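Engineer:
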Ligand SMILES: Cc1ncc(COP(=O)(O)O)c(C=O)c1O
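In my numbering, the protein residues as written are 294 to 723.
1) Do you know how far the Cα of residue 390 is from the Cα of residue 534?
2) Got a sec, what are the start and stop residues for the alpha helix (DSSP H) residue 320 sits in?
3) For the alpha helix (DSSP H) that residue 708 lies in, which residues bound it at each end?
4) Among the candidates 489, 332 and 393, whose CA atom is the shortest distance from the CA of residue 461?
5) If you reduce the DSSP assignment to three classes, tell me which class residue 554 lands in.
6) When a residue counts only if its C-beta is closer than 6 Å to some heavy atom of ligand 1, which residues count, in chain order?
7) Could you give the distance in angstroms between the alpha-carbon of residue 598 and the alpha-carbon of residue 717?
8) What is the DSSP secondary structure of residue 355, reduced to helix, strand or coil?
9) Could I get the ranges of all uninterrupted beta strand (DSSP E) runs contained in the stretch 557-620, with 3 residues as the minimum, in chain order?
10) Touching or not, the stretch 539-549 and the stretch 616-631, by the rule of three or more beta carbon pairs under 8 Å?
11) Within 8 Å, do at least three Cβ pairs link the stretch 394-408 to the stretch 474-489?
12) If you draw a straight line from the C-alpha of residue 647 to the C-alpha of residue 689, how long is it?
13) With residue 518 as the anchor, note down where its alpha helix (DSSP H) starts and where it stops.
14) Since I believe residue 536 is in contact with residue 436 (beta carbons under 8 Å), could you give me their beta-carbon distance rounded to a whole number of angstroms?
15) Would you check if there are 3 or more beta carbon pairs closer than 8 Å linking the stretch 512-525 to the stretch 304-317?
16) Measuring only the C-alpha atoms, how far is residue 387 from residue 519?
17) For residue 376, is the classification buried or exposed, using 16 other Cβ atoms within 10 angstroms of its Cβ as the cut-off for buried?
18) Among the candidates 635, 329, 412 and 299, whose CA atom is the shortest distance from the CA of residue 596?
19) Please identify the residue among 440, 659 and 674 whose C-alpha is closest to the C-alpha of residue 468.
20) Using 8 Å for Cβ pairs, my map puts residue 503 next to residue 604. What's the rounded Cβ distance?
21) Identify every run of the alpha helix (DSSP H) within the stretch 432-517, keeping only runs that are complete inside it and at least 4 residues long; order them along the chain.
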């Protein structure tokens with residue numbers, strides 16, 4: 294339950310704060326005071342295991358000491374000189390070049406996911422051959438709330454988009470197959486239809502996609518899905534723009550989810566895991582695209598907070614720890630363990646209709662019953678709020694709960710979190 298100091302602050306805020314917060318914030322009604330590692334503490338002194346890692350951002354846990362030191366030192370030195378080079382930017386660029394596939398060797402630095410998605414769309418538009426004036430996107434994809442990104446999102450995120458001109462393809466949503474087929478006898482027909490779409494539409498310049506659609510429910514593609522689509526894009530001159538804002542930085546067990554799924558993207562957008570929750574984003578890409586004179590005119594990649602020294606300091610520290618401590622390997626180990634525990638819960642509760650995951654990113658889909666598979670947002674909400682009361686923070690949206698704990702989680706915390714989750718599901722479904 295929300296303690297009295299928190300209730301008093303929330304009541305004071307309500308006089309001036311615009312509504313429209315995320316579901317988890319609106320349902321949770323908490324005021325957080327501090328965080329350390331996996332543990333968050335609220336204003337009344339209650340602790341929570343944070344299996345949502347901030348906004349699925351704090352890969353190293355809250356206030357990782359090396360990131361705090363880097364930010365503190367930078368905060369005492371220099372904050373903003375537009376997008377000018379500052380000390381250490383060269384080292385961050387070299388670090389990115391080591392962590393990313395060799396062909397993605399050119400980078401532009403921004404502050405939020407949507408800002409970098411917009412920059413990617415500008416590069417696509419600037420470099421597209423004449424007549425290629427449409428973009429392809431996937432159903433269930435999420436790319437941000439600025440207008441260009443928002444036009445590629447074709448599901449209800451709480452407000453309407455302007456009409457876009459994007460061509461839609463099927464996401465690999467096996468649990469809710471739009472073609473009413475079953476894997477593997479389906480032969481991954483959804484991918485064949487996306488291929489056909491790409492082949493039929495000569496005016497498409499790029500497919501903008503999440504390799505594992507995240508906000509749409511952590512939709513893990515079956516083998517064969519991306520291979521077919523990536524080949525079709527190559528064959529028809531359609532650029533592959535991977536939105537790895539959520540999945541990039543090791544979250545799915547390799548630095549890019551694209552690497553594990555056999556996709557060779559032309560442009561990649563990264564943000565959440567880059568600077569451990571500090572606002573920072575990277576547009577990575579092929580040199581010929583990002584350096585093309587059409588895309589790289591004066592000011593093309595500049596903005597007030599582009600190349601911000603604080604973001605660079607936080608990213609250098611975060612990515613340095615991920616590289617040094619080989620944390621993507623740890624993500625695979627912990628992800629296997631968490632997956633095992635969550636599948637045991639799936640077997641126990643009919644209303645936990647599906648559990649999907651890759652690395653340390655999981656989606657739990659709640660339904661009224663296993664037969665109809667009707668979405669049950671009321672159950673997801675009850676699980677989320679009950680878990681919070683019991684000391685576990687998750688991310689909730691509609692009938693889906695997402696889990697994305699820090700890579701620095703230990704096995705004891707993992708077991709404690711799953712025990713609380715099981716307790717919350719038991720209470721919410723009985
Ligand atoms: C895949 C993906 N793309 C883009 C965004 C937008 O990022 P931001 O909220 O930093 O603008 C998000 C945010 O959740 C995301 O998950």
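Built from N, CA and C at the ideal position, the CB exists for glycine as well.
Everything numeric in this text was worked out from a predicted model, so none of it was measured.
Structural biologist: This is what the structure gives:
1) 18 Å
2) 316-321
3) 704-722
4) 489
5) helix
6) 405, 406, 407, 410, 435, 436, 437, 503, 507, 508, 536, 538, 539 and 564
7) 41 Å
8) strand
9) 560-563 and 574-578
10) yes
11) no
12) 15 Å
13) 518-528
14) 5 Å
15) no
16) 29 Å
17) buried
18) 412
19) 659
20) Residue 503 to residue 604, Cβ: 22 Å. No contact.
21) 440-443 and 482-493
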